[in-house]
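Report on the following structure.
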Amino acid sequence: MLSSNAEKIYWLSRYIERAENTARLVNVNFDLLLDIPHDSVSDFIHLVEITSDLEQFNSILLDEKMFYSSSVSAMKNVVLNFVIYNSDNLGSITYSLEMAKYNSRYLRTMLPKTAWEQFNKLHSEFSLSNEENHSTEVLHQIIRNSKTFFATISDAMHRDHVFDFIKLGRFIERADMLSRIIEDQILRKDTKIPKYYENLQWMSILKSVNGFESFKKINKGELRRSNVLDFMVKLKEFPRSIIFCINRLIAVTKYLPNSENLKLKLIQIKKQAAKLNEKSTDKQILAILDLLQLGLIDLHLEIEEKFFNRSPI
Amino acid sequence: MNKTFSYQSSIFFDEYIDSKSSPRKGYKRSIDFFHSLSPSERAYYTNLCESSISSMGVTFQLDANELQDRSWPLDLIPRIIASNQWKLIQKGLIQRVKALNYFINDVYNKQVFLEKNPVLKELILESSNFLPECMGITPKNKVWSNICGTDLIRDDKGKFFVLEDNLRVPSGVAYMLENRNIMKRVIPDLFNSYAVNPIDDYPSQLFKCLSEASFNTNANKKIVVLTPGVFNSAYFEHSYLAQQMGVELVEASDLYVSKTNNVLMKTINGPKKIDVIYRRIDDVFIDPKVWRKDSSLGIPGIYNAWKNKKIAIVNAPGSGVADDKAVYAFVPKMIKFFLKEEPIISQVKTYVCAFKKDLNYVTNNIEKLVLKPVNESGGYGILIGPQSSKSELKKYKSKILNNPRNFVAQPLIKLSTSPTLINKKIMPRHLDLRPFILSGKNSFVTQGGLTRVAMKKGSTIVNSSQGGGSKDTWIAD
Chain H
653 MLSSNAEKIY
663 WLSRYIERAE
673 NTARLVNVNF
683 DLLLDIPHDS
693 VSDFIHLVEI
703 TSDLEQFNSI
713 LLDEKMFYSS
723 SVSAMKNVVL
733 NFVIYNSDNL
743 GSITYSLEMA
753 KYNSRYLRTM
763 LPKTAWEQFN
773 KLHSEFSLSN
783 EENHSTEVLH
793 QIIRNSKTFF
803 ATISDAMHRD
813 HVFDFIKLGR
823 FIERADMLSR
833 IIEDQILRKD
843 TKIPKYYENL
853 QWMSILKSVN
863 GFESFKKINK
873 GELRRSNVLD
883 FMVKLKEFPR
893 SIIFCINRLI
903 AVTKYLPNSE
913 NLKLKLIQIK
923 KQAAKLNEKS
933 TDKQILAILD
943 LLQLGLIDLH
953 LEIEEKFFNR
963 SPI
Chain R
4 MNKTFSYQSS
14 IFFDEYIDSK
24 SSPRKGYKRS
34 IDFFHSLSPS
44 ERAYYTNLCE
54 SSISSMGVTF
64 QLDANELQDR
74 SWPLDLIPRI
84 IASNQWKLIQ
94 KGLIQRVKAL
104 NYFINDVYNK
114 QVFLEKNPVL
124 KELILESSNF
134 LPECMGITPK
144 NKVWSNICGT
154 DLIRDDKGKF
164 FVLEDNLRVP
174 SGVAYMLENR
184 NIMKRVIPDL
194 FNSYAVNPID
204 DYPSQLFKCL
214 SEASFNTNAN
224 KKIVVLTPGV
234 FNSAYFEHSY
244 LAQQMGVELV
254 EASDLYVSKT
264 NNVLMKTING
274 PKKIDVIYRR
284 IDDVFIDPKV
294 WRKDSSLGIP
304 GIYNAWKNKK
314 IAIVNAPGSG
324 VADDKAVYAF
334 VPKMIKFFLK
344 EEPIISQVKT
354 YVCAFKKDLN
364 YVTNNIEKLV
374 LKPVNESGGY
384 GILIGPQSSK
394 SELKKYKSKI
404 LNNPRNFVAQ
414 PLIKLSTSPT
424 LINKKIMPRH
434 LDLRPFILSG
444 KNSFVTQGGL
454 TRVAMKKGST
464 IVNSSQGGGS
474 KDTWIAD
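These protein sequence lines are chains H and R, in that order.
Mapping of the first sequence onto our numbering: residues 653 to 965, in sequence order.
Mapping of the second sequence onto our numbering: residues 4 to 480, in sequence order.
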């Protein structure tokens, strides 16, 4: 497999996964807003922080003061447009899908025809929506189309290196996004939302990763921060837990050449995640998540060096 | 059923109807089908066609500045050619390309034909398409242009003519293949009612042709398609062909030449040796060490690897020398000289302004002629005499007189028409046809080719870069 194609397929996969995760996050947050008191700006801003750059967001506001004192629905539109459609925002869905499209142009020779058509559908359906006519259906559409894309890959694709790099990109992205969602939730505890709502927030996070039903199955009792964390970080049976992602990545290394180092790094990350337990304080959790994220960045650099190196040998 | 057609004959040869506006033999089923559609059915089929094109991702780009791809324009009314007629054309095309390949090999070796045609010799040696670095080289099977796209037109009597040969990097074949797939999806019943010759073996024929171009003796040749990149207007085709052949699509940065003149590809497993490059970049961009120094599309050192027969480059560098419109005028002579045969397909009478006699005729009859610069393609720089104003003609005349060698002229051919769906109405539009000819150990010609159609009334500009459309071409009994 060409090094340059390995790089593109890896990024295609990451960007599609990122668009899907962002769509899930936006969707669940607006669902949540229907349930909690509407006096706080923090929930909007939190969405910007988790997906994008708050400074950039503030810089696009015509009048910062006015924005932060405007009505909920006015605020909602500005945030939605920024997170979904602003192509200058590197965290927006538009940006992710345009980058995916850019990489996909090179990959016609790599993907099964059905997967290629599915990606085109994902991109073109999203392109038809815009700031004026969007609704939460747009987000559902992205989630559906992205799932169908990856399902098509699993179902129709020859197990070769293309498949391996799709997995690498997808699970690194997912692990990264998961760690950021959890980190953000811990950080925003200091807002004035009452305890009761805090649990609602954890519930919404579970929903954003499609995990609410599975969580309920194994946690019969109340929903507590510690068992949600345990579920999202350490439950190896759940496809949107950090450990699940790491295990899938370890499995991929079996098929890749010169991947001993990569595997060692993954095992290192796994050890970090395992340190999390019921007694972990906020500070400890944040430190673990921080190391996890650094570990994922290091992983990416290792992949770049081993597989994407394009300078003459 | 004696149906009254709203679609009427005109001064042009129409491929569907005769001068009395009755459908020609073999066309009735197709024209009846489209006539019988109600406006809403026409809209339905058009939409189905457009959505198939978009979900299949069949696109093209106008130029590098346009990031947004355009959907490929396909007209649903097929062009139909009788298979016995096509057999003769196939023979004629093989004959023609064979002669052209002998000619290129002669240009870069003994120059026997050039010696006999001193004006041509002078034109060739001065041409920017002539690459002196190729002197003394003979590619495998003496074939320089393994893949040729020859444009055919029909005149007001329906007779086929060769309009030009594209011997460097002809494009369009992927659209030919995808047009067929779309038609099968959209109007399967009409398609099924004709016994249409299949075209989908082209990628495997191409693969075979490319394999045969290598001097290397290993059994399974490693082939790559070299593209200038994703922003090239024909990128869709490059990636499509690579996928259909099951070979890698590469850019120059994926390849390098080793000290031993092997051409290697960078992979996740380390370097891998390759045997054949199907290049989709122009000759002079292939090796920045030899030709265009500023080329980032090429691979430094690849000329030496090619010269030493370590790598086959298809089409061979230098093959563009026969792409010249002045060379075209000499093809009938070439056929007689190299093959001792009479040309099977006619070609358009061409006045080469480098000849004094021709120049005189051209300047005196400029208003009747189509004028073409010899080194342009894509329909650029062409002046159509009968459709131009006096001042335009005058300006062009002085351009010719300034540099006669740079121009050729041809009489205006009344291009044939075919019914075409324009805004849900059936209207006559002009068209041409580009079949593809593969040459290796043996020759192969596509069943039909890419039919290009001018979408504007009266226009004869069929290039997709200038708003032209396309049709599926059915070779049927």
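Just so you know, even glycine gets a beta-carbon here, dropped at the ideal spot from N, CA and C.
On a predicted model such as this, the values are computed, not experimentally measured, just so you know.
Quick check: what's the CA-CA separation for residue i versus residue j?
i: Y1/R; j: K160/R; result: With chain R running from 4 to 480 in the structure shown, residue 1/R is simply not present.
i: P320/R; j: P303/R; result: 14 Å
i: Y399/R; j: Q390/R; result: 13 Å
i: S893/H; j: F864/H; result: 12 Å
i: L77/R; j: S421/R; result: 14 Å
i: L213/R; j: R283/R; result: 13 Å
i: S322/R; j: R171/R; result: 6 Å
i: F288/R; j: E251/R; result: 20 Å
i: I347/R; j: R437/R; result: 17 Å
i: Q920/H; j: D204/R; result: 52 Å
i: R962/H; j: D154/R; result: Annotation note: pLDDT 48 at R962/H (below 50); position unreliable, coordinate value reported separately. If you take the alpha carbons of R962/H and D154/R, they lie about 40 Å apart.
i: R832/H; j: N741/H; result: 18 Å
i: M4/R; j: R32/R; result: A caution first: M4/R carries a pLDDT of 39, below 50, which makes its placement in the model too unreliable to give a value.
i: R295/R; j: F133/R; result: 14 Å
i: N910/H; j: K958/H; result: 7 Å
i: H698/H; j: S242/R; result: 42 Å
i: D168/R; j: Y48/R; result: 35 Å
i: I277/R; j: I305/R; result: 12 Å
i: S748/H; j: C137/R; result: 47 Å
i: E889/H; j: F896/H; result: 7 Å
i: I331/R; j: M337/R; result: The sequence given here has Tyr at residue 331/R, not Ile. Approximately 10 Å between the Cα atoms of the pair.
Residue i versus chain R: which residues are under 8 Å apart at the beta carbon?
i: T804/H; result: By Cβ distance, chain R contributes nothing, its closest Cβ being about 13 Å from T804/H, past 8 Å.
i: F959/H; result: I271
What did DSSP end up calling residue i once you bin it into helix, strand or coil?
i: G873/H; result: coil
i: G95/R; result: helix
i: L943/H; result: helix
i: E167/R; result: strand
i: E669/H; result: helix
i: P909/H; result: coil
i: N835/H; result: At residue 835/H the sequence reads Glu, which differs from the Asn that was named. If DSSP states are grouped into helix, strand and coil, E835/H belongs with the helices.
i: A67/R; result: Confidence at A67/R is low in this model, with a pLDDT of 48, below 50, so the placement of that residue should be treated as unreliable; the coordinate-derived value is given next. Residue state, collapsed to three classes: coil.
i: H433/R; result: strand
i: A216/R; result: coil
i: V146/R; result: coil
i: R27/R; result: coil
i: Q350/R; result: strand
i: T463/R; result: coil
i: L938/H; result: helix
i: S473/R; result: strand
i: Y48/R; result: helix
i: T788/H; result: helix
Whose Cβ in chain H lies nearer than 8 Å to the Cβ of residue i?
i: S57/R; result: N772 and S776
i: A255/R; result: The premise fails here: A255/R is roughly 11 Å from chain H at the closest Cβ pair, so nothing lies under 8 Å.
i: A308/R; result: Ordered by position in chain H, no residue passes the 8 Å Cβ test against A308/R, which lies about 15 Å from the chain.
Using a C-beta to C-beta distance shorter than 7 Å, which residues of chain R count as neighbours of residue i?
i: P909/H; result: I271 and N272
i: M653/H; result: T270 and I271
i: F969/H; result: Coverage of chain H is limited to positions 653 through 965, which leaves residue 969/H absent and any answer about it impossible.
Just the chain H side, please: which residues come within less than 9 Å of residue i by C-beta, in chain order?
i: E251/R; result: M653, L654, N657 and T761
Interface residues of chain R around residue i at Cβ under 9 Å?
i: E769/H; result: S58, M59 and G60
List the residues of chain H whose Cβ lies closer than 7 Å to the Cβ of residue i, in chain order.
i: V233/R; result: R757 and Y758
i: S242/R; result: R760 and T761
i: Q246/R; result: R760 and T761
Interface residues of the stretch 270-287 of chain R facing chain H [CB-CB below 8 Å] | T270, I271, N272, G273 and P274
Along the stretch 657-684 of chain H, what residues have a CB closer than 7 Å to any CB found in chain R?
-> A658
Short-range partners of chain H found in the stretch 158-186 of chain R, where Cβ spacing is below 9 Å = none
In the stretch 799-830 of chain H, which residues sit with their C-beta less than 7 Å from some C-beta in chain R, listed in chain order?
-> H813
Should the stretch 657-670 of chain H be regarded as contacting the stretch 812-825 of chain H, the criterion being three or more beta carbon pairs within less than 8 Å?
-> yes
Does the pairing of the stretch 443-455 of chain R with the stretch 42-56 of chain R give three or more beta-carbon distances under 8 Å?
-> no
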